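Undergrad: Quick one: this structure, given as structure tokens, is what I'll be asking you about.
Numbering (the numbering used here), first residue to last: 3 to 113.
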């Protein structure tokens, strides 16, 4: 993993911890997670389908340009997977912070 993603992840974590997240923010993040999960599944399925079809090719031109298409599809699958895992991780952290904040508020009102 590159250093860029590590520092970007720290910034996101700090934003989650400092922000006052509301339930609708969490719902929005959950919807984003679902969206990127579907997008990732589609990208992976497209790449796997390409692999099956490309393995049967006999024409040299189809093979050459097909290799470029395969590289593009693989990168697309990797990128969408990376985004999905990022949103998923951030959602889990945000939920944890939200639950801890709610519990503290509820217990302080009881006392």
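All C-beta atoms in this analysis are idealised placements derived from N, C-alpha and C, irrespective of residue type, glycine included. Since we're looking at a predicted model, the values are computed, not measured.
#1: Quick check on DSSP: helix, strand or coil for residue 33?
#2: Quick check on residue 51: does DSSP put it in helix, strand or coil?
#3: Counting C-beta neighbours from all protein chains within 10 Å, is the total for residue 67 16 or more, i.e. buried, or is it exposed?
#4: Where does residue 59 sit, in a helix, a strand or coil, going by DSSP?
#5: Using only alpha-carbon positions, find the residue among 83, 94, 91 that is nearest to residue 43.
#6: Are there 16 or more other CB atoms within 10 angstroms of the CB of residue 75, so buried, or fewer, so exposed?
#7: In whole angstroms, what separates the C-alpha of residue 34 from that of residue 89?
#8: Suppose you measure from the CA of residue 61 to the CA of residue 47; what does that come to, to the nearest Å?
TA: Based on what the coordinates show:
#1: In the chain shown, counting from the first residue as 1, residue 33 sits at position 31. Looking at residue 33 - three-state DSSP - the assignment turns out to be helix.
#2: If you number the chain shown from 1, residue 51 lands on position 49. DSSP places residue 51 in helix when its eight states are reduced to three.
#3: Walking along the chain shown from the start, residue 67 turns up at place 65. Exposed: under 16 other Cβ atoms inside 10 Å.
#4: Counting from 1 along the chain shown, the entry for residue 59 is found at position 57. In the structure shown, the three-state DSSP call for residue 59 is coil.
#5: Residue mapping note: residue 43 aligns to position 41 of the chain shown, counting from 1. For residue 43, the nearest C-alpha among the options comes from 83.
#6: Taking the first residue of the chain shown as position 1, residue 75 is located at position 73. By the neighbour-count rule (16 or more Cβ atoms within 10 Å), residue 75 is buried.
#7: Within the chain shown, numbered from 1, the residue matching residue 34 stands at position 32. Within the chain shown, numbered from 1, the residue matching residue 89 stands at position 87. Those two C-alpha atoms are separated by around 7 Å.
#8: Indexing the chain shown from 1 puts residue 61 at position 59. Indexing the chain shown from 1 puts residue 47 at position 45. Rounded to whole angstroms, the gap between the alpha carbons of residue 61 and residue 47 is 24 Å.
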